[in-house]
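Quick note: to get this note's numbering, add 23 to the position in the sequence shown (first position is 1).
Worksheet: the structure to be examined is printed underneath.
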Amino acid sequence: MEELSISSEPPSTNLATKLKSELAELIEYPGSRPEYWYDWKWQLKNRITSLEVIRDLIPLTRREEEGIKRASGRLAMAITPYFFSLIDRQDPRCPIRKQAVPRLEEFSVSSCELVDPCGEDSHSPVPGLVHRYPDRALLIVTDSCAMYCRYCTRKRMVGEETPPMSIERFEDTYKYIKSKKTIRDVLISGGDPLMMKSEVLESYLKKLRSIPHLEIIRIGTRVPVTLPMRVNAELVDMLRKYHPLYMSIHFSHPREITPEVAKSCGMLADAGIPLGSQTVLLKGVNDKPATMKKLMHELLKVRVRPYYLYQCDMAMGTAHFRTPVSVGMNIMEELRGHTTGYAVPTFVVDAPGGGGKIPVTPTYLLSQAKGRVTLRNYENKIYNYTEPD
Numbered sequence: 024m025e026e027l028s029i030s031s032e033p034p035s036t037n038l039a040t041k042l043k044s045e046l047a048e049l050i051e052y053p054g055s056r057p058e059y060w061y062d063w064k065w066q067l068k069n070r071i072t073s074l075e076v077i078r079d080l081i082p083l084t085r086r087e088e089e090g091i092k093r094a095s096g097r098l099a100m101a102i103t104p105y106f107f108s109l110i111d112r113q114d115p116r117c118p119i120r121k122q123a124v125p126r127l128e129e130f131s132v133s134s135c136e137l138v139d140p141c142g143e144d145s146h147s148p149v150p151g152l153v154h155r156y157p158d159r160a161l162l163i164v165t166d167s168c169a170m171y172c173r174y175c176t177r178k179r180m181v182g183e184e185t186p187p188m189s190i191e192r193f194e195d196t197y198k199y200i201k202s203k204k205t206i207r208d209v210l211i212s213g214g215d216p217l218m219m220k221s222e223v224l225e226s227y228l229k230k231l232r233s234i235p236h237l238e239i240i241r242i243g244t245r246v247p248v249t250l251p252m253r254v255n256a257e258l259v260d261m262l263r264k265y266h267p268l269y270m271s272i273h274f275s276h277p278r279e280i281t282p283e284v285a286k287s288c289g290m291l292a293d294a295g296i297p298l299g300s301q302t303v304l305l306k307g308v309n310d311k312p313a314t315m316k317k318l319m320h321e322l323l324k325v326r327v328r329p330y331y332l333y334q335c336d337m338a339m340g341t342a343h344f345r346t347p348v349s350v351g352m353n354i355m356e357e358l359r360g361h362t363t364g365y366a367v368p369t370f371v372v373d374a375p376g377g378g379g380k381i382p383v384t385p386t387y388l389l390s391q392a393k394g395r396v397t398l399r400n401y402e403n404k405i406y407n408y409t410e411p412d
């Protein structure tokens with residue numbers, strides 16, 4: 024089994040010069056983009072992976088330049104030309120830029136930060152499988168992504184771009200899932216499963232779908248956001264064969280919802296795949312209530328149901344992205360009652376060390392007494408509800 028071969032090595036001097044010139048023109052003049060811009064394999068082949076290339080495309084800050092120099096091996100810089108075209112190249116505070124371009128702050132590690140913040144390794148009965156909740160399991164099939172988010176919770180394992188899970192290892196995970204009749208739901212994640220060739224992903228789906236007690240399969244992905252052209256008719260026609268199939272898509276900012284992303288989400292939704300969003304709360308990216316509300320509204324317009332808002336995990340080198348939990352609570356206060364319920368995700372903290380997702384909500388239940396509860400609404404008005412005898 025192979026993934027598309029993608030080199031993260033810096034290009035030769037002549038190639039780098041040609042690449043910089045070509046990318047600069049394609050990014051600067053979107054109206055004149057040729058057909059190959061919309062080829063996902065071209066996008067991957069021409070990802071921006073070196074300081075030499077990005078330096079001529081964007082005026083870097085000193086902290087960005089130092090971050091790029093240090094970011095090698097796992098979680099090295101890799102940005103698709105498409106996603107790079109969304110960056111405000113004159114503003115270092117650009118929310119797209121902050122997610123994609125390494126910064127020096129990534130290499131300042133706090134004493135509270137963890138290599139495996141969600142305790143996945145300690146809940147892994149066989150390699151590549153996490154079984155933390157009684158009725159569902161997480162299958163990690165690849166370490167590759169189209170673009171490496173700088174706050175990645177799995178930076179301990181993501182980014183080497185090795186081949187996907189071997190047949191032998193998948194057989195071990197398959198046998199485990201088949202032996203545990205309590206497992207009714209499997210989430211396929213990574214890395215990003217949509218980085219694999221369609222036939223490889225299908226081989227996993229087909230095998231999993233043969234397990235009688237497995238009710239639903241989910242795919243966790245950011246590819247429809249960072250590489251929307253990967254969602255094509257061939258992929259969608261394959262996915263629709265394995266219903267009930269759900270997809271959780273990682274969105275961070277309303278600027279990410281472009282016509283290309285709307286098209287990719289539309290194709291998936293038309294294929295009968297329910298789409299949900301997973302958003303990480305990030306300082307300086309989406310930590311303002313107005314920004315988050317705009318994102319939730321834009322998601323609904325492209326038929327993606329806001330699902331989770333995550334407190335940023337305590338992964339190594341992410342302190343500059345993390346906000347106080349109170350910031351998320353305030354955002355939830357500004358959403359609940361102020362917009363449609365479909366636009367309100369569940370705010371959760373994935374408990375450090377493997378405690379699982381814990382919902383964190385503002386307090387609306389003020390008191391309980393026999394036969395009566397006292398509540399407040401989104402306007403801070405107080406109401407009593409009389410319970411039956």
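Note that the Cβ used here is the ideal one computed from N, Cα and C, for glycine as well.
These figures come from a predicted structure and were not determined experimentally.
Bridge pairing for Q301: H273 and Y331 [DSSP]. If one requires a minimum length of 4 residues, the alpha helix (DSSP H) runs lying completely within the stretch 207-237 are 221-232, in chain order. With contacts defined by Cβ atoms closer than 8 Å, P216 and V164 form a contacting pair. CA-to-CA, the gap between L304 and Y333 works out to about 6 Å.
The residue among E194, R159 and V308 with its C-alpha nearest the C-alpha of E238 is R159. When the beta-carbon positions are compared, N309 and S349 stay at least 8 Å from each other. Annotation: P53 to S44 spans about 15 Å, alpha carbon to alpha carbon. Distance from the CA atom of S221 to the CA atom of N403, rounded to whole angstroms, is 51 Å. P297 is positioned such that its CB atom lies no closer than 8 Å to that of N353. The C-beta distance from V153 to H146 rounds to 5 Å, short enough to meet the 8 Å contact threshold.
In this model, H266 and I240 are separated by some 8 Å (Cα to Cα). Excluding its 5 nearest sequence neighbours in each direction, A285 has C-beta neighbours in its own chain below 7 Å: V325, listed in chain order. Proximity to T281 across T409, Y105, L262 and T302 peaks at Y105, based on C-alpha coordinates. The alpha-carbon of E225 is positioned some 50 Å away from that of L389.
In the DSSP annotation of this structure, the continuous segment of the alpha helix (DSSP H) that includes P312 starts and ends at P312 to K324. For F370, the enclosing beta strand (DSSP E) stretches over residues T369 to A374.
Scanning the stretch 81-132 from its first residue to its last, the whole alpha helix (DSSP H) runs of 4-plus residues come out as 85-93, 104-107 and 118-123. Excluding sequence positions up to five before and after Y365, its CB lies within less than 8 Å of the CB of L323, R328 and P329, all in the same chain and listed in chain order. As a beta-bridge residue in DSSP terms, P382 pairs with V371. Residue state for A160 is assigned as strand, using DSSP reduced to three classes.
In the three-state scheme derived from DSSP, where H, G and I count as helix and E and B as strand, G289 is classed as helix. The stretch 65-75 makes contact with the stretch 94-111: 3 or more CB pairs, one atom from each, lie closer than 8 Å.
For I296, no alpha helix (DSSP H) encloses it, and the DSSP letter there is neither H nor E. A direct Cα-to-Cα measurement between G214 and K121 gives close to 20 Å.
Taking A392 as reference, the option from M315, N400 and E410 with the minimal CA-CA separation is E410.
In this structure, the alpha-carbon of E356 lies about 8 Å from that of T384. P140 sits away from P347, with the two beta carbons spaced by 8 Å or more. Short of 7 Å from the beta carbon of M290, and not among the five residues preceding or following it, lie these beta carbons of its own chain, in chain order: V254 and V259. Annotation for V396: the continuous beta strand (DSSP E) segment containing it runs R395 to R399.
Proximity to A294 across A256, Y408, L161 and H273 peaks at A256, based on C-alpha coordinates.
Annotation: G243 is outside any alpha helix (DSSP H); the continuous beta strand (DSSP E) that includes it extends over I239 to T244.
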